[in-house]
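Trainee: Using this note's numbering, the first residue of the sequence shown is number -1, and each one after it goes up by one. Glycine included, C-beta positions come from ideal geometry on N, C-alpha and C.
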Amino acid sequence: MYQEYTEQQLEIRDQIRSFVKKEITHEVAIHWDEENKHPEELINRMRRELGVNGLTIPEEYGGWGLGSVEQCLVTEELSRGCLGISLCFGYTGLGILPILKGASHEQKKKWLPPVVDGELGVSFCLSEPGAGSDVPGMSTTAVKKGDKWVINGTKQWITGGGNAGAYTVFAYTDKGRGTRGVSCFYVKRDTPGLTVGKKEDKLGIRASDTRQIIFEDCAVEEVNMIGKENLGFIYALQTLNASRPYVAAMGVGVAQAALDYASKYARQREQFGSKISSFQAVQHMLADMSINLETSRQVTYLAARMSDADDPRLPKYSAIAKAHASEAAMKCALDAVQIFGGYGYTKEYPVEKLMRDAKILCIFEGTTQIQKNEIAAYVIREAASAK
-1 MYQEYTEQQL EIRDQIRSFV KKEITHEVAI HWDEENKHPE ELINRMRREL
49 GVNGLTIPEE YGGWGLGSVE QCLVTEELSR GCLGISLCFG YTGLGILPIL
99 KGASHEQKKK WLPPVVDGEL GVSFCLSEPG AGSDVPGMST TAVKKGDKWV
149 INGTKQWITG GGNAGAYTVF AYTDKGRGTR GVSCFYVKRD TPGLTVGKKE
199 DKLGIRASDT RQIIFEDCAV EEVNMIGKEN LGFIYALQTL NASRPYVAAM
249 GVGVAQAALD YASKYARQRE QFGSKISSFQ AVQHMLADMS INLETSRQVT
299 YLAARMSDAD DPRLPKYSAI AKAHASEAAM KCALDAVQIF GGYGYTKEYP
349 VEKLMRDAKI LCIFEGTTQI QKNEIAAYVI REAASAK
């Protein structure tokens, strides 16, 4: 059913859109992509000026108390400007989800206000060198010694890992129980035994800092266990279900940027004495891009509204949104490069970066294939219950 955005939602979207047009131009995005560095001054200014650090954090902890729809609007607009810079700003939105989902009131009161104030970034630490899609295959452990938990293991592909001031870390506290023996911990960056490892030299999203985070006899206090012991896997699933609409919104932003660039170029470029926008082959490509973009946008915000409503169908629809929008972004970026022709394959024009950036959306926070596994499981379950 069609649903309008509220006046507040549109104000938030337009505020971010205005900032992006002014501050995250193609030249800025390309600069930080080539530098392969986190744009610290820009991100600090965004935290100060945009005021959306605590968008989804409840008001009692200093936040806005808003939801997934607003977070997706912010994410879409930032990603339309530059996916890498969007991740530099937005990685904390994922990192704090285990806190929002599982932490006690006292824990939230202590850990969330610094995020709202823009003083602290938080990275989400779930994946490992040998456990990406196979989350239960992780090997990080936390062993109780006295009044502390001692963490050992290595986390891989941690977005914002080199910039975060804290990490939400998943570890086995009772390996014999499988996924029912996983717990989650809040670990400050300066905790002895925590080492920020190598920075990945990536194909795309190069402004975003991606690292290994290594734990060697890293001891944390009992109060740093998020929520309850051995419920970490539940918090992880709740986090991923809630965050996948955010990733889908990134895909929408990238797809919109690809269509923006391609349609403008098609109206300017001449071949055979005519603008290429007059060629049916190009028109069909632009139409396909628009179809992919708008269907992605609709399913993304449907999933976001389900998330805000605690709809039990969220796991299925968040997976649909993430899978569809990620692949659509990649297709739109590829089509944009094709429309630009040889120029699209050069760094002089913006669409090659969109193509490089878009690919990560099909991989992180659950590959497209993992999303399809989850969607199929729900479809089969629904068919069984309909008998």
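Can you tell me whether residue 45 is buried or exposed? The criterion is at least 16 other CB atoms within 10 Å of its CB, across all chains shown.
Mentor: buried
Trainee: Is DSSP giving residue 147 helix, strand or coil here?
Mentor: strand
Trainee: Out of 152, 105, 116, 111, state which residue places its alpha-carbon closest to the alpha-carbon of residue 128.
Mentor: 152
Trainee: So if DSSP puts residue 120 in a beta bridge, which residue, or which two residues, is it bridged to?
Mentor: 164
Trainee: Please say whether residue 286 and residue 220 have beta carbons closer to each other than 7 angstroms?
Mentor: No. Outside cutoff.
Trainee: Identify the continuous alpha helix (DSSP H) that holds residue 351 and give its terminal residues.
Mentor: 349 to 356
Trainee: Return helix, strand or coil for residue 195, following the three-state DSSP convention.
Mentor: strand
Trainee: Going by DSSP in three states, residue 1 sits in which element: helix, strand or coil?
Mentor: coil
Trainee: How would you call residue 42, buried or exposed, if buried means at least 16 neighbouring beta carbons within 10 angstroms?
Mentor: exposed
Trainee: Whole angstroms is fine: what's the gap from residue 332's alpha carbon to residue 345's?
Mentor: 15 angstroms
Trainee: Would you call the CB atoms of residue 216 and residue 149 closer than 7 angstroms?
Mentor: yes
Trainee: What is the rounded straight-line gap between the Cα of residue 132 and the Cα of residue 104?
Mentor: 33 angstroms
Trainee: Could you give the distance in angstroms between the alpha-carbon of residue 235 and the alpha-carbon of residue 168?
Mentor: 12 angstroms
Trainee: From residue 254 to residue 61, what distance separates their C-alpha atoms?
Mentor: Between residue 254 and residue 61, the C-alpha separation is close to 29 angstroms.
Trainee: From the DSSP output, in three-state form, read off residue 223 for me.
Mentor: strand
Trainee: Taking residue 114 as the reference, give the member of 383, 74, 58 with the closest Cα.
Mentor: Nearest of 383, 74, 58 to residue 114, Cα basis: 58.
Trainee: Going by other Cβ atoms of all chains shown within 10 Å of its Cβ, with 16 needed for buried, is residue 8 buried or exposed?
Mentor: By the neighbour-count rule (16 or more Cβ atoms within 10 Å), residue 8 is not buried but exposed.
Trainee: Which of the three DSSP states is assigned to residue 155 in this structure?
Mentor: strand
Trainee: In chain order, what residues of the same chain have a beta carbon less than 7 angstroms from the beta carbon of residue 189, not counting five sequence neighbours either side?
Mentor: 216, 218
Trainee: Could you compute how far the alpha carbon of residue 256 sits from the alpha carbon of residue 355?
Mentor: 11 angstroms
Trainee: Out of 262, 122, 48, which one is the CA nearest neighbour of residue 184?
Mentor: 122
Trainee: Ordered along the chain, which non-local residues of its own chain (more than five positions away) have a Cβ less than 6 angstroms from that of residue 214?
Mentor: 191
Trainee: By DSSP's criteria, residue 272 is part of a beta bridge. Which residues make up the other side?
Mentor: 269
Trainee: Where do the N-terminal and C-terminal ends of the alpha helix (DSSP H) with residue 314 fall, by residue?
Mentor: 312 to 338
Trainee: In three-state terms, what does DSSP make of residue 209?
Mentor: Correct three-state label for residue 209: strand.
Trainee: Run the CB neighbour count on residue 372, radius 10 Å, all protein chains shown included, and call it buried at 16 or more, exposed below.
Mentor: buried
Trainee: Would you call residue 310 buried or exposed, if buried means 16 or more other Cβ atoms sit within 10 Å of its Cβ?
Mentor: exposed
Trainee: Using C-beta distances below 6 angstroms, list every residue in its chain close to residue 376, excluding the 5 sequence neighbours before and after it, in chain order.
Mentor: 314
Trainee: With three or more C-beta pairs closer than 8 angstroms as the rule, is the stretch 203 to 210 touching the stretch 241 to 254?
Mentor: no
Trainee: State the Cα-Cα distance for the pair residue 324 and residue 359, rounded to the nearest angstrom.
Mentor: Each residue's alpha carbon lies about 5 angstroms from the other.
Trainee: From the DSSP output, in three-state form, read off residue 50 for me.
Mentor: The answer is coil: DSSP assigns residue 50 none of H, G, I, E or B.
Trainee: Do residue 240 and residue 181 have their C-beta atoms within less than 7 angstroms of each other?
Mentor: no
Trainee: For residue 186, name the three-state secondary structure that DSSP assigns.
Mentor: The answer is strand: DSSP assigns residue 186 an E or B state.
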